[in-house]
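Enquirer: Structure incoming, see below.
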Amino acid sequence: MTSHSATLAAGVAAFKQGNYDDAIALLEQTIAATPPPECEQVQGWLVRAYLKVGNTAAAHALCQTLARSDRPAIQAWAQATLVQFPAEVTTPQQADPAPHNPAQASSPGPLSPTEAEALFSAGMTALRKRHYADAIQHLETFLAGTDEGYANYAWARTSLAKAYKGNGQTEAAIALARELANSDRESTRAWATDFLKTLASPPPDSAPTMPQDTDHPEHAEHSQAPAPFPTTYRSLTSSPRDRRPTATPAPTRPASKDLTPLILSGLAHGSISLFASLLLFILFPNSVLATVLGLLRLLVPIAIFLTTRDLLVKENAREATNYSITCILLIGAIALFGWIVVFALATILIAMWPLFLLLALPLVAYLLALAAWPVAATILCLRNGGQVARYPNWLVWHAV
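So for the sequence shown, my numbering puts the first residue at 28; every next one is plus one.
Right under this line is the structure:
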């Protein structure tokens, strides 16, 4: 355990609690004890803290330093933040640290969807490769520029806790896990509780490493098998790029991979796909029974969503649940008003067939997409176990 890791965790906690002056003091102390490039993650927090207290000049100067970083993700965040500053801050004669427009400079601007997706993807890739320092940098930058409304926000926070643990920043991991334990989501609280247990009594061979070693994955948890990770995203950290010989033979590692999230995610989408419909009609030639079971299968993702504690499975089940709700509403609408639509289309076909084509073709295209999307989502989940299959807003109503 390093003293500056503890100071960093305390500084971040102070920032999140709104104690910005304390956060600045702790973060400045951490920067003095942290060598580059690891100090860049601390500098990012310090920029935000400076902006919160109105010290725009200091925030601007530090942000210019980050804009010269060797890491593309850091450069992108710093450059996106620099454009938020008032023009007066960039001139030498501006000595007043108070921002010209407090509302404009109170916090860094949010990331664009493209920037957010790039940072999240880079963070998860670094985590899979056990490049924990890079993962921390990318995920912290992602979380600083997004909020809970972003689809992968909760996933990024749990992944950041794992990156802290792998990087030897145990106190930071504990602080974040305790915060997650107070989440409004039951699945997140359960994950945090299990994760805290792994931090309470780590095995002797997984002692934290010094931060200057975190750019080398072989120095971080190099002899720890995947079993201590409680989360079902275990596959993200189970295959290091470089690995020294340990007591756990390498060939036995694939056997420890938990396929339950992959199977449940595939089941959530597969149960509402054409695969399930065809299977029901083949197994049950009785059309009435097949119809009843075909309606009941729409409840499968809803049941998975309400019962699972795994974040990845819950996100996939949430998407499939929205699809089920959309289908149920469409079935109800067709049952009530289908004859009216058919009569209207028949009338238009007789009177004005070009208008019929104009109305019917988009409807046919929508129904084809509605039928094919769960099939593609099922294949995506089964081939890429750590991915969430999304349904576009134009296709389904995201009620959940």
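The C-beta atom is built at its ideal place from N, Cα and C for all residues, glycine as well.
All values derive from a computational prediction rather than experimental measurement.
Where does E65 sit, in a helix, a strand or coil, going by DSSP?
Expert: Within the sequence shown, numbered from 1, the residue matching residue 65 stands at position 38. Coil, per DSSP.
Enquirer: Could you check the C-alpha separation between R410 and A426 for me, to the nearest Å?
Expert: The count along the sequence shown starts at 1 and reaches residue 410 at position 383. The count along the sequence shown starts at 1 and reaches residue 426 at position 399. Their backbone Cα atoms lie some 27 Å apart in a straight line.
Enquirer: Roughly how many angstroms lie between the CA atoms of L323 and A33, to the nearest whole one?
Expert: Along the sequence shown, read from residue 1 onward, the residue named residue 323 stands at position 296. Along the sequence shown, read from residue 1 onward, the residue named residue 33 stands at position 6. For L323 and A33, the distance between alpha carbons rounds to 52 Å.
Enquirer: Report the rounded CA-to-CA distance for A200 versus L187, giving the unit in angstroms.
Expert: Here residue 200 refers to the residue found at position 173 when the sequence shown is read from its first residue. Here residue 187 refers to the residue found at position 160 when the sequence shown is read from its first residue. Distance between the alpha carbons of A200 and L187: 8 Å.
Enquirer: Rounded to whole angstroms, what's the CA-CA distance from T318 to F308? Just pull it up for me.
Expert: In the sequence shown, residue 318 corresponds to position 291, counting from 1. In the sequence shown, residue 308 corresponds to position 281, counting from 1. About 8 Å.
Enquirer: Exposed or buried, what is F42 when buried is set at 16 or more other beta-carbons lying within 10 Å of its beta-carbon?
Expert: Position 15 of the sequence shown, counted from the start, is the residue given in the question as residue 42. Classification of F42: buried, given that the 10 Å Cβ count is 16 or more.
Enquirer: Helix, strand or coil for H158, going by three-state DSSP, please let me know.
Expert: For this step, residue 158 is matched to residue 131 along the sequence shown. Residue state, collapsed to three classes: coil.
Enquirer: On a Cα-Cα basis, can you pick out the residue from L286, A378, G321 and L289 that is closest to S298?
Expert: Mapped onto the sequence shown, residue 298 falls at position 271. Nearest option by C-alpha distance: G321.
Enquirer: I need the straight-line Cα distance from V402 to A396, nearest angstrom please.
Expert: Locating residue 402 in the sequence shown gives position 375, counting from the first residue. Locating residue 396 in the sequence shown gives position 369, counting from the first residue. C-alpha separation (whole angstroms): 10 Å.
Enquirer: Alpha carbon to alpha carbon, how far is Y191 from R184?
Expert: Translated into positions along the sequence shown, residue 191 becomes position 164. Translated into positions along the sequence shown, residue 184 becomes position 157. Approximately 11 Å between the Cα atoms of the pair.
Enquirer: Compare the C-alpha of V415 against each of G293, L316 and A86 and name the closest.
Expert: The residue you call residue 415 lines up with position 388 of the sequence shown. Among G293, L316 and A86, the Cα nearest to that of V415 is on G293.
Enquirer: Would the segment 142-149 and the segment 159-179 be scored as touching if the rule is three or more Cβ pairs under 8 Å?
Expert: With a cut-off of 8 Å, the segment 159-179 and the segment 142-149 count as touching, because enough Cβ pairs lie within range.
Enquirer: Just verifying my parser: in three-state terms, what is the DSSP assignment at H165?
Expert: Translated into positions along the sequence shown, residue 165 becomes position 138. Residue state, collapsed to three classes: helix.
Enquirer: With distances taken between CB atoms, is the gap from A208 to H296 smaller than 8 Å?
Expert: Along the sequence shown, read from residue 1 onward, the residue named residue 208 stands at position 181. Along the sequence shown, read from residue 1 onward, the residue named residue 296 stands at position 269. For A208 and H296, no; Cβs fall outside 8 Å.
Enquirer: Report all residues from its chain with a CB closer than 6 Å to the CB of W424; omit the five preceding and five following residues, and keep chain order.
Expert: Locating residue 424 in the sequence shown gives position 397, where the first residue counts as 1. Hits under 6 Å: T353.
Enquirer: Classify Y47 as helix, strand or coil using the three-state DSSP reduction.
Expert: Walking along the sequence shown from the start, residue 47 turns up at place 20. It is helical.
Enquirer: According to DSSP, simplified to helix, strand and coil, what is N209?
Expert: In the sequence shown, residue 209 corresponds to position 182, counting from 1. If DSSP states are grouped into helix, strand and coil, N209 belongs with coil.
Enquirer: Helix, strand or coil: which one does DSSP assign to T173?
Expert: Along the sequence shown, read from residue 1 onward, the residue named residue 173 stands at position 146. If DSSP states are grouped into helix, strand and coil, T173 belongs with coil.
Enquirer: Buried or exposed: S300, going by 16 or more other Cβ atoms within 10 Å of its Cβ?
Expert: Residue numbering aside, residue 300 sits at position 273 when the sequence shown is read from its first letter. Around the beta carbon of S300, 16 or more other beta carbons sit within 10 angstroms, so the residue counts as buried.
Enquirer: What's the call for T287, buried or exposed, on a 16-neighbour Cβ count within 10 Å?
Expert: Working through the sequence shown from its first residue, we reach residue 287 at position 260. With fewer than 16 Cβ atoms within 10 Å of its Cβ, T287 is classed as exposed.
Enquirer: Would you mind working out which of S96, I367, V315 and N349 sits nearest N3, comparing C-alpha positions?
Expert: The question about residue 3 has no answer here: the residues shown for the chain are numbered 28 through 427.
Enquirer: With 16 as the cutoff for other CB atoms within 10 Å, does A254 come out buried or exposed?
Expert: Within the sequence shown, residue 254 is the residue found at index 227, counting from 1. Interpretation of A254 is limited by its pLDDT of 31, a score under 50 that renders its predicted location unreliable; the figure taken from the coordinates is listed afterwards. Flag for A254 reads exposed.
Enquirer: Expressed to the nearest angstrom, what Euclidean distance is found between the alpha-carbon atoms of P244 and T61?
Expert: As a first step, residue 244 is located in the sequence shown; it is residue number 217 there, counting from the start. As a first step, residue 61 is located in the sequence shown; it is residue number 34 there, counting from the start. Confidence in P244 is poor, its pLDDT being 34 and thus under 50, which makes the residue's placement unreliable; the coordinate value appears in the next sentence. For P244 and T61, the distance between alpha carbons rounds to 19 Å.
Enquirer: For V415, which of helix, strand or coil comes out of DSSP?
Expert: Counting from one through the sequence shown, the residue named residue 415 turns up at place 388. Coil at V415, not helix or strand.
Enquirer: Using alpha carbons as the reference points, say which of L384, S351, Q164 and T92 lies closest to W400.
Expert: Here residue 400 is taken as the residue at index 373 of the sequence shown, counted from 1. Among L384, S351, Q164 and T92, the Cα nearest to that of W400 belongs to S351.
Enquirer: My guess is that Q70 and Q164 are in contact by the Cβ rule of under 8 Å, so how many angstroms apart are they, rounded?
Expert: Counting from 1 along the sequence shown, the entry for residue 70 is found at position 43. Counting from 1 along the sequence shown, the entry for residue 164 is found at position 137. Q70 to Q164, Cβ: 10 Å. No contact.
Enquirer: Considering only the alpha carbon of each residue, which of F169, K189 and L138 lies closest to R155?
Expert: Residue mapping note: residue 155 aligns to position 128 of the sequence shown, counting from 1. Nearest to R155 by C-alpha distance, out of F169, K189 and L138, is K189.
Enquirer: Here's the rule I'm using: 16 or more other beta-carbon atoms within 10 Å means buried, otherwise exposed. How should K224 be labelled?
Expert: In the sequence shown, residue 224 corresponds to position 197, counting from 1. Around the Cβ of K224, a 10 Å sphere holds fewer than 16 other Cβ atoms; the residue is exposed.
Enquirer: Assign I358 to buried or exposed, taking buried as 16 or more other Cβ atoms, counted over all protein chains shown, within 10 Å of its Cβ.
Expert: Residue numbering aside, residue 358 sits at position 331 when the sequence shown is read from its first letter. With fewer than 16 Cβ atoms within 10 Å of its Cβ, I358 is classed as exposed.
Enquirer: Could you have a look at G195 and say whether DSSP puts it in helix, strand or coil?
Expert: Sequence index remark: in the sequence shown, residue 195 carries index 168 (1-based). It is coil, neither helix nor strand.
Enquirer: Below 8 Å CB to CB, which residues in the same chain sit around L503 once its five sequence neighbours on both sides are set aside?
Expert: Residue 503 lies beyond the residue range present for the chain, which begins at 28 and ends at 427; the question has no answer from this structure.
Enquirer: Between the C-alpha atoms of Q102 and A162, what's the straight-line distance to the nearest angstrom?
Expert: What you label residue 102 is simply residue 75 of the sequence shown in a count that begins at 1. What you label residue 162 is simply residue 135 of the sequence shown in a count that begins at 1. About 15 Å.
Enquirer: For W366, count neighbouring C-beta atoms within 10 Å of its own C-beta (all shown protein chains included) and say buried if the count is 16 or more, exposed if not.
Expert: Residue 366 sits at position 339 when you count from the first residue of the sequence shown. Result: exposed.
Enquirer: Can you give me the Cβ contacts of T25 inside the same chain, cut-off strictly under 8 Å, excluding the 5 residues immediately before and after it?
Expert: Past the edges of the chain, shown from 28 to 427, lies residue 25, and the structure says nothing about it.
Enquirer: Between the Cα of A100 and the Cα atoms of L78, T83, K79 and T141, which residue gives the shortest distance?
Expert: By one-based count along the sequence shown, residue 100 stands at place 73. Taking only the C-alpha atoms, the option nearest A100 is T141.
Enquirer: Leaving out five residues on either side along the sequence, give the residues of the same chain with a beta carbon under 7 Å from the beta carbon of N343.
Expert: Taking the sequence shown and counting its residues from 1, the one referred to as residue 343 is at position 316. Contacts found: S292, A295, H296, C408, V415 and A416.
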